[in-house]
Structure formats: C-alpha cells, structure tokens
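> Before we start, here is the structure in question, set down as structure tokens.
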Amino acid sequence: MEIFTTFAAFAPLDWIAVMLLFGSWMAIGWVVERPNATHKSVSVLMTRYRKEWLSHMPTRDPRVFDSMLMASLREGTAFFASACLIAIGGGLALLSNTEQLSALAEDFALGAPPTILLEVKILAVLLLITNAFFKFVWSNRVFGYCTVMMGAVPNDPADPRAQMRAYQAGELNIAAGKAFNRGLRSVYFALGALAWLIGSEALIFATAVTLVTVIRREYASRSRAVLLEDTAQ
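Numbers given in our numbering equal positions in the sequence shown, counted from 1, plus 21.
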C-alpha cells in the first residue's frame, strides 16, 4: 500500500515528465542506430570506418598501431565505468541522507517535498547511471574479445583465415562501440534527470535540451561533416 501511496503523491505533470525522459532515451537510441537510414548518424557512419580499420589490419606490419588503438578504446570504457560506479556510490549516499537535498529542493520549489519523493527521483537517476555502468563494462569486455580475435589473425595476409578473422574482429569492435554509445546516452539522460529534483517542469526542459544535444551531435555536428567528406567523393 505504501508504494501506491507514494505514486499517488506524484502530480500528473511528473508522470508526463518521466515518460518523456525515458521515452526520449529509448527513442533516440533506436533512431541513431538505424543502419538503413537515409540520413545516417555519426554512430552508424563510424561502423564503416571500424570495418575498414580491421580489414586493413592483416596487411599492416607491424601491428603495434592496432594494439595501441585497442588499448586506448579499452581505457575509455574503463574510465567511464569507474566514473559511473563512483556516481552510483554517491547516489546511494544521498538516499541515506536526504535532509540537505530536501532543503535545496525547498529553495527551488518553494516547498519541502516528501522524503520518499526525493528518493524516487534519485532512484530514477541511479537507474540510468546503472544502465550506463553495465554498458561500459560490457563494451570493455567486447573490446577484449576483439583484441583476442585480432591476435588470432594469421601473420600471413595470404592465409585464407586472415580476412575472416579480421572481419570477425571488426564486428566485435562495432558491437563494443555500440554498447559504449548506449552507455554515453544513458549518462546524458541521467544528467538531465537530475533536474527532476527541482521539479517536473525542469525535468521536461532538461530532457528536451538533452535530446536536442544528442541529435545535434549525431546529425548536425562538425564530426559528422568530416565523416561524410570521404563518402561524398
């Protein structure tokens, strides 16, 4: 019964804001990962270059350059996974001490919200951060699989297994990159979800800003223009 009482304490605008947050998070993920879209995102465009990178690897001698790139990618995933773990710890600490947070919310909203409502709002942020943590960890893991597959590429480029192993490594690299991008989007929307502590209107605004930011980076950024220069030739 306490759960239903808690949910009843949320205003209709709170429900709209939360549905907008998670709906935007899932929808933009589906849109930017569509491989057959006529207007391809940066994430989709990068899959081509990942494939090209690994397809050239069998003929590259030495292959130290490839190992350095993989080490850099794995360091990035490890960094974000560690940051998410710290954020999760901070969020759990907030759940056990919401007095200061309640005072801050009171300053913005001109009224002290019930403690249970603040805890639910923090849990929403933790849900997104936890999802990001798992995505980063899995990305790091798959990059490890890719590294092993790269090591399995025969030294002789003429070996019939060379291109096959390089292709498999490329597919693993793409899968790891996709998991990494999903983790980043979860972090973006988790930062936007923090605005819910101020109010539902702030959450709607923050969600819109986050959504526009992701769309701009995927479809209207300078990085995308650079990636398209080669395909236009």
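No residue lacks a Cβ here, since even glycine has one placed at the ideal position from N, Cα and C.
(1) So, does the region 171–183 touch the region 77–91, judging by three or more C-beta pairs under 8 Å?
(2) For residue 118, report the span of its alpha helix (DSSP H) as first-last.
(3) Less than 8 Å between the CB atoms is what I'm expecting for residue 215 and residue 141, so what's the real figure, rounded?
(4) For residue 55, count neighbouring Cβ atoms within 10 angstroms of its own Cβ and tell me buried if that reaches 16, exposed if not.
(5) Let's see if you can read the secondary structure: which residues bound the alpha helix (DSSP H) around residue 80?
(6) State the CB to CB distance for the pair residue 213 and residue 230, rounded to an integer number of angstroms; the pair is presumed to be in contact (CB under 8 Å).
(7) DSSP state of residue 32, grouped into three classes?
(8) Look up residue 63 in the DSSP assignment and say whether it is helix, strand or coil.
(9) Would you identify the three-state DSSP class for residue 56, choosing helix, strand or coil?
(10) May I ask you to verify whether the region 76–84 touches the region 185–205, counting CB pairs closer than 8 Å and requiring at least 3?
(11) Under 7 Å from any heavy atom of the ligand ZN, does the C-beta of residue 229 make it?
(12) If we ignore side chains and look at the alpha-carbon of each, how far apart do residue 23 and residue 137 end up?
(13) For residue 179, count neighbouring C-beta atoms within 10 Å of its own C-beta (all shown protein chains included) and say buried if the count is 16 or more, exposed if not.
(14) Measuring only the C-alpha atoms, how far is residue 151 from residue 107?
(15) Is the CB-CB distance between residue 201 and residue 160 below 8 Å?
Taking the definition as stated:
(1) Contact between the region 171–183 and the region 77–91 is present, because at least three Cβ pairs lie under 8 Å.
(2) Neither: residue 118 is in no alpha helix (DSSP H) and is coded neither H nor E.
(3) So it is not a contact: roughly 14 Å between Cβ atoms.
(4) exposed
(5) Careful: residue 80 lies outside any alpha helix (DSSP H) and carries neither H nor E.
(6) 7 Å between Cβ atoms; contact.
(7) coil
(8) It is helical.
(9) In this structure, DSSP gives residue 56 a state outside helix and strand, which the three-state scheme calls coil.
(10) yes
(11) As presented, the structure is devoid of all ligands, the ligand ZN included, so that no description of it is given.
(12) Caution applies to residue 23, whose pLDDT of 48 falls short of 50 and renders its modelled position unreliable; the value that the coordinates give is listed next. Their Cα atoms are separated by approximately 10 Å.
(13) exposed
(14) 11 Å
(15) Cβ distance < 8 Å, so residue 201 and residue 160 count as in contact.
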